[in-house]
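As structure tokens, then:
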């Protein structure tokens, strides 16, 4: 018997394991279906490019997207300690202050406004550059600036300014809009995942047990209370029930958490019956409200050796490895997408609705036809989609893959804004400042100009930004899955704490917001007083 069972060692799960076990009186069991974060690609920043191809992931795909010509998207979801923080591009962005204020004012989530959540972002942070109203430098999570930027990055900043987009030294500070360097979850030229930051330093705690390669098949509910979980230990395959004295906390991500709840009979009853699962608690919102960022990109051929493409050659790969090992510099120390920005597709938007990522290579994730020279990529993503999708069970078998349906572009507004974002990216790449570096546009290609042509291109080439949220959302209405203190509605001693509880996707990457949810969730679970709301001596973030 243990006090708390946490299901899923992703970003929020690692935070919870650390914070709940700070008190020696609390016994904590952290269960992870994936393995340990031993693979060297995980810890080398540039290893990210390999991770989206299937290392340490579940190998899932979406259902055909009916608003995108039935395109099926590869949908990488982490299967490793640290979760997405172990395989992502390490970009540290929090979203816009108005995102969280909307959670509070429009969704009724008291205590989740920007001034309330900022102290939790700061508590997590060990920022290598900033210690001010917006940043902390005493937390476990390493946050730093890029180590080895290339000259093309500075040209990109000038190109943005030629279009009227200002340079911004800190996207998480007083203002989000502009172009600049992203801060990264790195420390000493290594990835600072939630596993490295929150678990590694405390693995010796006697009241914390971390078990990997353990598949949780269901939450065990008796008389309206979660009393434990049923697990399958691999490779043996035997089923065991593990009991929790206080609470079971589901922290398996925006896909894994609703999947586990539904496997346990918690979810929309009609759907559960249709796949052979006996309903335990009819909760219609489980697996609904899925949101994600869709990524459209421009790839250009460079005039010369301005990015990292040529490091794929054997002798340069060897040199890059030595440079990293001896000097902690060079391409291996790069996240490859460490430059970007935030701007507007909709000029009436109150805050930036497009995010850019400058990729220092051609088709780093997606692949592209061979170029004569190295290439460069500029990704664009519409940040506040109106489309809503679902996660559903494919069958009653816990080992079966889920039916993931982001329902991209079901709202025509998302399609229109995404294409505007792609046009902005093309325009940036055509600016005078980038002329010494950019020879020609390869994708979409100059012959594609109309919205219909760009729509066809997007259906062929776009990809997920790996930012799913919302499938167990906080709220007060009948479709809400958890209350604002993360308790599952209708079942005692059961909470959800991860990106699935976010009612709306933040206007940014989602790793930092998920860690914040873990930090705040720990205080809620322990019954602590919330951290005092932030007070600004300077400008308010917007």
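Residue numbers (the working numbering): 386 to 927.
Glycine residues also receive a C-beta, built at the ideal position from the N, C-alpha and C atoms.
Checking 8 Å against the spacing of the C-beta atoms, do residue i and residue j come in under that value?
i, j, result
"residue 401", "residue 882", "yes"
"residue 720", "residue 433", "yes"
"residue 705", "residue 716", "yes"
"residue 771", "residue 738", "no"
"residue 859", "residue 888", "yes"
"residue 767", "residue 742", "no"
"residue 569", "residue 533", "no"
"residue 615", "residue 389", "no"
"residue 460", "residue 440", "no"
"residue 856", "residue 664", "no"
"residue 776", "residue 901", "no"
"residue 854", "residue 885", "yes"
"residue 636", "residue 413", "no"
"residue 396", "residue 896", "yes"
"residue 509", "residue 904", "yes"
"residue 673", "residue 579", "no"
"residue 807", "residue 846", "no"
"residue 756", "residue 692", "no"
"residue 599", "residue 418", "yes"
"residue 403", "residue 584", "yes"
"residue 577", "residue 527", "yes"
"residue 724", "residue 477", "no"
"residue 783", "residue 602", "yes"
Using only alpha-carbon positions, find the residue among the options that is nearest to residue i.
i, options, result
"residue 823", "759, 504 and 787", "759"
"residue 917", "788, 800 and 504", "504"
"residue 521", "539, 558 and 893", "558"
"residue 894", "910, 849 and 905", "849"
"residue 538", "818, 606, 588 and 575", "818"
"residue 763", "798, 856, 810 and 787", "810"
"residue 696", "649, 728, 575 and 747", "747"
"residue 773", "789, 785, 765 and 779", "789"
"residue 587", "457, 399 and 480", "399"
"residue 517", "526, 524, 407 and 507", "507"
"residue 611", "658, 732, 877 and 908", "877"
"residue 814", "685, 875, 783 and 571", "685"
"residue 515", "905, 556 and 579", "556"
"residue 481", "735, 920 and 656", "735"
"residue 714", "791, 873, 535 and 820", "535"
"residue 930", "623, 411, 647 and 548", "Residue coverage of the chain in this structure runs from 386 to 927, which leaves residue 930 outside it and unanswerable."
"residue 667", "875, 688 and 572", "875"
"residue 671", "649, 890, 761 and 725", "649"
"residue 452", "835, 852 and 798", "798"
"residue 625", "519, 781 and 386", "386"
"residue 688", "826, 617 and 562", "826"
Quick one: what does DSSP say residue i is sitting in, helix, strand or coil?
i, result
"residue 792", "coil"
"residue 459", "strand"
"residue 924", "With a pLDDT of 48 at residue 924, under the threshold of 50, the modelled position of that residue is not reliable, and the figure given next carries that caveat. Coil at residue 924, not helix or strand."
"residue 440", "coil"
"residue 747", "coil"
"residue 331", "Nothing in the structure corresponds to residue 331, since the chain is present only between 386 and 927."
"residue 727", "strand"
"residue 423", "coil"
"residue 452", "coil"
"residue 909", "helix"
"residue 363", "The requested residue 363 does not occur in the structure, where the chain is confined to residues 386 to 927."
"residue 648", "helix"
"residue 472", "coil"
"residue 720", "coil"
"residue 902", "helix"
"residue 464", "coil"
"residue 659", "helix"
"residue 671", "coil"
"residue 446", "strand"
Please confirm if residue i has its CB atom under 8 Å from at least one CB of chain D.
i, result
"residue 422", "Among the chains in the structure shown there is no chain D, since it carries only a single protein chain."
Every unbroken beta strand (DSSP E) inside the segment 857-886 [3 residues or more]
879-881
Taking the runs of the alpha helix (DSSP H) that are 4 residues or longer, which of them lie wholly in the segment 532-590?
536-547
Can you confirm whether the segment 858-878 touches the segment 489-499 when touching is taken to mean that 3 or more C-beta pairs between the two stretches lie within less than 8 Å?
yes
With a floor of 3 residues, list each beta strand (DSSP E) that falls wholly inside the segment 810-845, ordered by position along the chain.
823-828
Using 8 Å as the Cβ pair cut-off and three pairs as the minimum, do the segment 654-664 and the segment 790-810 touch?
no
Which runs of the alpha helix (DSSP H) fall wholly inside the segment 480-517 and span at least 4 residues, in chain order?
482-492 and 499-509
The segment 457-471 in contact with the segment 417-425 per 3-pair CB rule at 8 Å
yes
Enumerated in chain order, which unbroken segments of the beta strand (DSSP E) with a length of 3 residues or greater are wholly contained in the segment 675-712?
679-687
Does the segment 471-488 come close enough to the segment 588-605 that 3 or more CB-CB pairs lie under 8 Å?
no
What beta strand (DSSP E) runs, 3 residues minimum, are completely inside the segment 594-644?
599-607, 610-618 and 624-635
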